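Enquirer: Here my numbering runs 502 ahead of the position in the sequence shown, where the first position is 1. Here you go, one structure.
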Amino acid sequence: MGSIPEQRETALRSPTVSRDSDRAVRLPGSPLAPAAARGFVRDVLTESAECCGGRLVDDAVILVNELVTNAVVHAGTAVELLLRLEDAAVVVEVSDHHPSRGVHPAEYGRGLHLVAALAESWGITYRSGLKTVWARIPVDADTAGIPAPAPAPRRSVRGGEPEWGSRGALSFLAEASELLAGQLDEDMIAALAGQLLVPRLADWCAVWLDPDGAVRGIGPRLSGVWHVCEAANEPLRAVLEKEPPAVDDAARGGPVPVSWPRTGTPGERHGAALACRLVVGGRQLGTLLLGRAGPFPEPPFPDEVTGLIEDFARRVGLAIGAARQYTRQATISRVLQRGLLPSQVAEIPGVDRALVYEPTGEGLAGGDFYDLFPGPGGRWCFALGDVQGSGPEAAVVTGLARPWLRLLAREGYQVAEVLDRLNQLLVDDATEAAEAAAHLVATAGGQDVPDSPQPRFLSLLYGELVPQPSGGVRCTLASAGHPLPLLLRPDGTVQAAAAPQMLLGVVGDTAYESEAFELAEGDTLLCVTDGVTERRSGERMFDDRDGLAAALADCAGLGAQDVAERIRQAVHDFADEPPGDDLALLVLQAR
């Protein structure tokens, strides 16, 4: 993950529109949208001469944060945010593109209660294909009849602490949500939690994490300890590690008082400590422990602070739960990935070969695969395939197709016969196997199970190489719904080396045909997946107007490895953004 400023910049990369007094921005349906919206509102209002009051800016930021959060997170849609400066008022409009979906208050949230107090009038407007929630905030908020937040109790700690009224609490929770969003490591989440709490809400903090799943014989582990005095971290850790805090499960819904851990260090002060269970969906993920050193002129944890800690712990628990789900999914995907690719690639006599394989997605097994292996009778077999779609179902089909290919080839079937039989196997068995595996993976990863079977089609380039006693290589290949292989001659001419045929897994009785030709010394065969040919830059694709053939022609005179690297670099350079699909290419060059 990038830094928070980088994330905001990415979320706000959509064009900003200015019309007289209107300023608008389009925000994607992303967890980063609320942070981007807050930054946009603050930037616009602070640079406007009419809006010099800090309270108005804070009010608008809170209002927009709630509306965008509910539209994006709960309605799941991209939004358009518009600010309009009118006489003595700022009008905020948040529009989404799913009018049939309601905008509801966030679970446990209090934000829309504040929206009602901040806005002089607000409502919902429907237009064709669009729903807009709008609110009007008077510029002179202090004279508009808006109740000021009740002052929060104060205590003296290191010169005093801020008031935790409605605005302060919402601002803190919004900041915490932004920092925790997208973190995929539970220990990083725990570290962020400690740094957010100390010294804002506590003098020290510790996070215990329970083992993931039903692991017997393993207790909770102390992920981290944070103290306002850094020298006190290790003594506090030593005391806490001896025994995890005992929190009654019946009280896990909120913070409960626990014994103060005495470290025995000279000059140690005592105080009050709270423990709050981290629970998501009934599953216990860990415990948040924090303390405030005394003496106290008043209760060490006022009600508004206790409520804030409870809300904060809920966000920490959600972030840890999401990180663990991602970790489980990534682990399953890595196991699947081991079956997609060969552990080693064969060396072919008289042929130089080079491979490039770059899967996309964070920890998700892809549908692209390759193979290069010895067959019977002095033949060498190669394959480059791509399963329709991605994720576990595609990975399972890939894991079936590659072993089937090897089995059929080693049984002595010719190229066209291999495709015929693999096609029939896919039609008969692959969809059922993929659906069963998808249900298993979805259940283990906490995802929704597919409602109905999804057909899985396979594009495949498969061929055989037979080195010739007189030099060169005899190549026989066939392409089933796959980008056609290209043959580069030493003089720079490029031609397609196969004819297009039907995808595998579509029609059971399809008869495939193969083509044979000679690879003379210096001839180069380039095989790619559609991650190369369909690489996009705006409306253009890399292979438009024979772009791949032109790039290959520029590789005349290069060795196999250099050809592979030049094509790979050309694909990456074609657009500013990283490739959005798996990229695989195989180069075979006769020597």
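Glycine included, C-beta positions come from ideal geometry on N, C-alpha and C. Keep in mind that this is a model prediction, so the values were computed, not measured.
Does the stretch 1009-1022 come within contact of the stretch 894-906, defined as at least 3 CB pairs closer than 8 Å?
Expert: They do not touch, by the three-pair rule.
Enquirer: From this set, D1045, T978 and S761, which residue's C-alpha is nearest F884's C-alpha?
Expert: Position 382 of the sequence shown, counting from 1, holds the residue named residue 884. Comparing Cα positions, the closest option is T978.
Enquirer: Can the beta-carbon of P1002 be found less than 9 Å from the beta-carbon of S981?
Expert: What you label residue 1002 is simply residue 500 of the sequence shown in a count that begins at 1. What you label residue 981 is simply residue 479 of the sequence shown in a count that begins at 1. Yes. Within cutoff.
Enquirer: Can you give the Cα-Cα distance for W882 and V920, rounded to whole angstroms?
Expert: Sequence index remark: in the sequence shown, residue 882 carries index 380 (1-based). Sequence index remark: in the sequence shown, residue 920 carries index 418 (1-based). The straight-line gap from Cα to Cα measures roughly 14 Å.
Enquirer: Please check the pair D598 and A637, which I expect to be a contact at CB under 8 Å, by giving their CB distance rounded to whole angstroms.
Expert: Stepping through the sequence shown from its first residue, residue 598 is reached at position 96. Stepping through the sequence shown from its first residue, residue 637 is reached at position 135. In fact, because the Cβ distance is near 15 Å, the residues do not count as touching under 8 Å.
Enquirer: Throw me the rounded Cβ distance for the L742 and P763 pair, which I believe falls under 8 Å.
Expert: Residue numbering aside, residue 742 sits at position 240 when the sequence shown is read from its first letter. Residue numbering aside, residue 763 sits at position 261 when the sequence shown is read from its first letter. With a Cβ gap of about 6 Å, L742 and P763 count as contacting.
Enquirer: Is it right to say I720 is buried, meaning 16 or more other beta carbons lie within 10 angstroms of its own, or is it exposed?
Expert: By 1-based counting over the sequence shown, the position of residue 720 is 218. Counting Cβ neighbours within 10 Å, I720 comes out exposed, since fewer than 16 surround it.
Enquirer: Look at the Cβ atom of L1085, then the Cβ atom of L886, and state whether they are nearer than 9 Å.
Expert: If you number the sequence shown from 1, residue 1085 lands on position 583. If you number the sequence shown from 1, residue 886 lands on position 384. No, they are not a contact pair.
Enquirer: Under the three-state reduction of DSSP, which class applies to I639: helix, strand or coil?
Expert: Within the sequence shown, the letter at position 137 stands for residue 639. In this structure, I639 counts as strand in the three-state DSSP scheme.
Enquirer: Which runs of the alpha helix (DSSP H) spanning at least 4 residues fall entirely within the stretch 684-735, listed in chain order?
Expert: Correct list: 688-699.
Enquirer: Using the beta-carbon count (16 or more within 10 Å), is S725 buried or exposed?
Expert: Stepping through the sequence shown from its first residue, residue 725 is reached at position 223. By the 10 Å Cβ count, S725 comes out buried.
Enquirer: Within the same chain, show all residues whose beta-carbon is closer than 6 Å to that of R540, passing over the 5 residues directly before and after it, in chain order.
Expert: Translated into the one-based positions of the sequence shown, residue 540 becomes position 38. Cβ neighbours of R540 beyond the five flanking positions: V563 and N567.
Enquirer: Give a yes or no on whether the C-beta atoms belonging to G974 and D1025 are separated by under 9 Å.
Expert: As a first step, residue 974 must be located in the sequence shown, where it is residue number 472. As a first step, residue 1025 must be located in the sequence shown, where it is residue number 523. In contact: G974 and D1025 (Cβ atoms closer than 9 Å).
Enquirer: Check each candidate in G788, L928 and F871 and name the one with the smallest Cα separation from P713.
Expert: Position 211 of the sequence shown, counted from the first residue, corresponds to residue 713. Among G788, L928 and F871, the Cα nearest to that of P713 is on G788.
Enquirer: I'd like to know whether the C-beta atoms of L962 and G983 end up nearer to each other than 9 Å.
Expert: Within the sequence shown, the letter at position 460 stands for residue 962. Within the sequence shown, the letter at position 481 stands for residue 983. Going by C-beta atoms, L962 is nearer than 9 Å to G983.
Enquirer: What are the start and end residues of each continuous alpha helix (DSSP H) run of 4 or more residues lying completely inside the stretch 1048-1075, in chain order?
Expert: The qualifying runs are 1049-1055 and 1062-1075.
Enquirer: Are L711 and D687 closer than 9 Å when you measure CB to CB?
Expert: Position 209 of the sequence shown, counted from the start, is the residue given in the question as residue 711. Position 185 of the sequence shown, counted from the start, is the residue given in the question as residue 687. No, the Cβ-Cβ distance between L711 and D687 is not below 9 Å.
Enquirer: The beta strand (DSSP E) with R976 in it runs from where to where?
Expert: Sequence index remark: in the sequence shown, residue 976 carries index 474 (1-based). Taken as a continuous stretch (DSSP letters only), the beta strand (DSSP E) holding R976 covers V975 to A982.
Enquirer: If you count every other CB in all the chains shown that lies within 10 Å of the CB of E595, and 16 or more means buried, which is it?
Expert: Here the question's residue 595 lines up with position 93 in the sequence shown. With 16 or more other Cβ atoms within 10 Å, it is buried.
Enquirer: Could you spell out the range, first to last residue, of the alpha helix (DSSP H) harbouring E542?
Expert: As a first step, residue 542 must be located in the sequence shown, where it is residue number 40. Before going on, a small fix: residue 542 reads as Phe here, not Glu. Residues A535 to T548.
Enquirer: If you drop the 5 nearest sequence neighbours on each side, which residues of the same chain put their C-beta closer than 8 Å to that of G823?
Expert: Position 321 of the sequence shown, counted from the start, is the residue given in the question as residue 823. Same-chain partners within the cutoff: V782, G783, R785 and L787.
Enquirer: Taking its Cβ as the centre, do 16 or more other Cβ atoms sit within 10 Å of T900, making it buried, or is it exposed?
Expert: Counting from one through the sequence shown, the residue named residue 900 turns up at place 398. Buried: at least 16 other Cβ atoms inside 10 Å.
Enquirer: Would L585 and D524 be called neighbours here (beta carbons separated by less than 9 Å)?
Expert: Within the sequence shown, residue 585 is the residue found at index 83, counting from 1. Within the sequence shown, residue 524 is the residue found at index 22, counting from 1. Cβ atoms of L585 and D524: closer than 9 Å.
Enquirer: Distance, Cα to Cα, A752 vs S761?
Expert: Counting from 1 along the sequence shown, the entry for residue 752 is found at position 250. Counting from 1 along the sequence shown, the entry for residue 761 is found at position 259. At A752, the pLDDT of 44 sits below 50, so the modelled position is not reliable and the matter cannot be decided from this model.
Enquirer: Out of A775, L780 and A740, which one is the CA nearest neighbour of T767?
Expert: Position 265 of the sequence shown, counted from the first residue, corresponds to residue 767. Ranking A775, L780 and A740 by Cα distance to T767 puts A740 first.
Enquirer: Consult DSSP for E1023 and reduce its assignment to one of helix, strand or coil.
Expert: Position 521 of the sequence shown holds residue 1023. Three-state result, E1023: coil.
Enquirer: D1078 to R1068, Cα distance in whole Å?
Expert: Position 576 of the sequence shown holds residue 1078. Position 566 of the sequence shown holds residue 1068. The alpha-carbon atoms of D1078 and R1068 are separated by roughly 17 Å.
Enquirer: Give me the Cα-Cα distance between E732 and L694, rounded to the nearest whole angstrom.
Expert: Here residue 732 is taken as the residue at index 230 of the sequence shown, counted from 1. Here residue 694 is taken as the residue at index 192 of the sequence shown, counted from 1. Cα-Cα distance, rounded: 16 Å.
Enquirer: What do you reckon, are the CB atoms on G879 and G914 nearer than 9 Å?
Expert: For this step, residue 879 is matched to residue 377 along the sequence shown. For this step, residue 914 is matched to residue 412 along the sequence shown. Contact: yes.
Enquirer: Sort L927, D1083 and A856 by Cα distance to L1027 and report the nearest one.
Expert: In the sequence shown, residue 1027 corresponds to position 525, counting from 1. Nearest option by C-alpha distance: A856.
Enquirer: Since S1039 sits in a beta bridge, which residues does DSSP pair it with?
Expert: Mapped onto the sequence shown, residue 1039 falls at position 537. Beta-bridge pairing links S1039 to R1042.
Enquirer: Please state whether DSSP places W762 in a helix, a strand or coil.
Expert: Here residue 762 refers to the residue found at position 260 when the sequence shown is read from its first residue. In this structure, W762 counts as coil in the three-state DSSP scheme.
Enquirer: Measure the alpha-carbon distance for P804 versus A795 and round it to whole angstroms.
Expert: Along the sequence shown, read from residue 1 onward, the residue named residue 804 stands at position 302. Along the sequence shown, read from residue 1 onward, the residue named residue 795 stands at position 293. Distance between the alpha carbons of P804 and A795: 14 Å.
Enquirer: Residues in its own chain within less than 7 Å of Q697 by CB, not counting five upstream and five downstream?
Expert: In the sequence shown, residue 697 corresponds to position 195, counting from 1. Within the same chain, Q697 has close Cβ partners W728.
Enquirer: Which value, in whole angstroms, describes the spacing of the CA atoms of L910 and V996?
Expert: The residue given as residue 910 occupies position 408 in the sequence shown. The residue given as residue 996 occupies position 494 in the sequence shown. Between L910 and V996, the C-alpha separation is close to 31 Å.
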